[in-house]
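Before any comments, here is the structure.
Numbering (my numbering), first residue to last: -2 to 477.
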């Protein structure tokens, strides 16, 4: 037996994944244990869970692999600082203290926290994303698009997956990045970069695409094949913690929204406009991928692949016959891709695509038995009632029908950012005030934020303009 541990950490969304002989045993994000959103620290709790789930210790690991190459990433930071000097001196000094203070010693940090004396391997960031999408996919051969902020240098990459191999066909490199452009608008509309992008996506339907031409004329040049270049006069992210320059603010009529201030129509229109630009670029990239590879199937990964509105348009446009999106498409999924990459690429093990779901619904986290749950409830002196499955379903259905909000807990925890039914808040969509109630009273978040509807897979086309299932909450479709 061969055990391989993949690790993603030290940027955001730290995670661990364990595979045995090419099969996924366990995967989890550190934030689910630490309760620190987007926890970036080395995934001690997630790793402990993975090892416990497999019934092994770190000494029994055959390989440990990290999801990117820190030296290449540092090379980008140094070369960028040199290219923009003397601008960005303070930013580079701050980054340097982080890198010399630990990030350049990633190998030693991993060995120490695992108490592991073996070799630590390193995958390239976009390679890890691509492998996380292709290797678990149901396709023996496929085009693979990875789109995010930035890895080491790549920001967008097209690969061709055949059997157990992945060949990079085309790359777009930093500072030209669709993900960073989206993050620039995220920051400008008053949300936090690397965590607020989905808020901007949720805000977009409330706006009009009035700034699309202004974005395309000034900020990003998009070619027919989906390749693009940013006009860096509008951006400060290469040289500071600020995403945008004063010129960006002037273009859109004033300074960025303060995070605590009221949302205005401008933020809604900016969100809608950037969403449409994203859909334009993703669509052109996908068409070029189909044309250049000849593949009928597509795999998607990287943070931009979590943009379920763009994904939905891609599915409806039928550029590809079939699309598989890695449910942990962000950096957490890099741990999975890196581990699978060691098995198939580093060790050269063959791969046969499975017709079923190799991700097992993305239910790869810990589970708890009834005995464990009741023991905890008793220890905390919490009152409870045990029901049969039939009684439980009827009770919950009645509660939902009466307008109650229900916390649903079953089976293994989800891997990835979406609540997919095992750790989920449920409400009845027929109640007109349900969205506001769940947002403001339960989740304590902005009232505009959307919730995902759940219907039986066989009935999806009765409810939505969609002719395929969407088990991972990664495709948005219009109501039929």
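Note that beta-carbon positions come from the ideal geometry of N, C-alpha and C, so glycine has one too.
In the structure shown, residue 294 falls within a strand segment according to DSSP collapsed to helix, strand and coil.
Distances from the CA of residue 413 to each of 379, 458, 471 and 112 were compared; the closest alpha carbon is that of 471. Counting C-beta atoms within 10 angstroms of its own C-beta, residue 291 has fewer than 16 neighbours from the protein chains shown and is therefore classed as exposed. Within the same chain, 27 and 110 come within 8 angstroms of residue 41 by CB-CB distance, once the 5 residues on both sides are set aside. Collapsing the DSSP output to three states places residue 364 in coil. Between residue 120 and residue 65, the beta carbon gap of about 7 angstroms places them in contact (Cβ cut-off 8 angstroms). The beta carbons of residue 298 and residue 330 sit closer together than 8 angstroms.
Judged by DSSP in its simplified three-state form, residue 340 adopts helix. DSSP places residue 220 outside any beta strand (DSSP E), giving it a letter other than H or E. One thing to note: residue 309 has its Cβ within 8 angstroms of the Cβ of residue 473. If the five residues before and after residue 396 are omitted, its C-beta is found closer than 6 angstroms to the C-beta atoms of 403, all from its own chain and listed in chain order. By the CB criterion at 8 angstroms, residue 410 and residue 29 fall inside the cutoff.
Going by C-alpha positions, residue 215 is about 51 angstroms away from residue 113. Per DSSP, residue 164 is one residue of the beta strand (DSSP E) stretching across 162 to 170. Judged by their CB atoms, residue 323 and residue 31 are not nearer to each other than the 8 angstroms cut-off.
With contacts defined as CB atoms closer than 8 angstroms, residue 276 and residue 246 fail to qualify as a contacting pair.
Closest in alpha carbon position to residue 127, among 117, 137, 144 and 135, is 144. In this structure, 300 is the residue among 235, 300, 389 and 58 with its C-alpha nearest to the C-alpha of residue 194.
Residue environment: residue 476 is assigned as exposed (fewer than 16 neighbouring CB atoms within 10 Å of its CB, all protein chains considered).
Each of 444, 433, 424 and 441 was checked against the Cα of residue 452, and the nearest Cα belongs to 424. Considering only 446, 73, 355 and 54, the residue with the shortest C-alpha distance to residue 199 is 446. Within the same chain, 185 come within 6 angstroms of residue 253 by CB-CB distance, once the 5 residues on both sides are set aside.
For residue 17, the three-state secondary structure derived from DSSP is strand. Between residue 18 and residue 139, the C-beta spacing is not below 8 angstroms.
For the pair residue 255 and residue 353, the CB atoms are not nearer than the 8 angstroms cut-off. Judged by beta-carbon spacing, residue 239 lies beyond the 8 angstroms limit of residue 230, meaning their Cβ atoms are not closer than that value. For residue 400, the secondary structure class from DSSP, reduced to helix, strand or coil, is coil. Note on residue 273: 16 or more other CB atoms within 10 angstroms of its CB, so buried under the neighbour-count rule. With a beta-carbon spacing of about 5 angstroms, residue 316 and residue 283 fall inside the 8 angstroms limit used to define contacts. Separation of residue 382 and residue 463 (C-alpha to C-alpha, rounded to the nearest whole angstrom) is 40 angstroms. Between the region 171 to 181 and the region 145 to 153 there are three or more C-beta pairs closer than 8 angstroms, enough to call the two in contact. The continuous alpha helix (DSSP H) containing residue 199 extends over residues 194 to 200. Approximately 11 angstroms separates the beta-carbon atoms of residue 326 and residue 333; this is outside 8 angstroms, ruling out the contact. Taking the Cα of residue 227 as reference, the smallest distance to any Cα among 169, 115 and 280 is reached at 169. In this structure, residue 68 lies away from residue 115, with their beta-carbon atoms at least 8 angstroms apart. For the region 383 to 442, the full-length alpha helix (DSSP H) segments reaching 4 residues or more read 386 to 398 and 431 to 434 along the chain.
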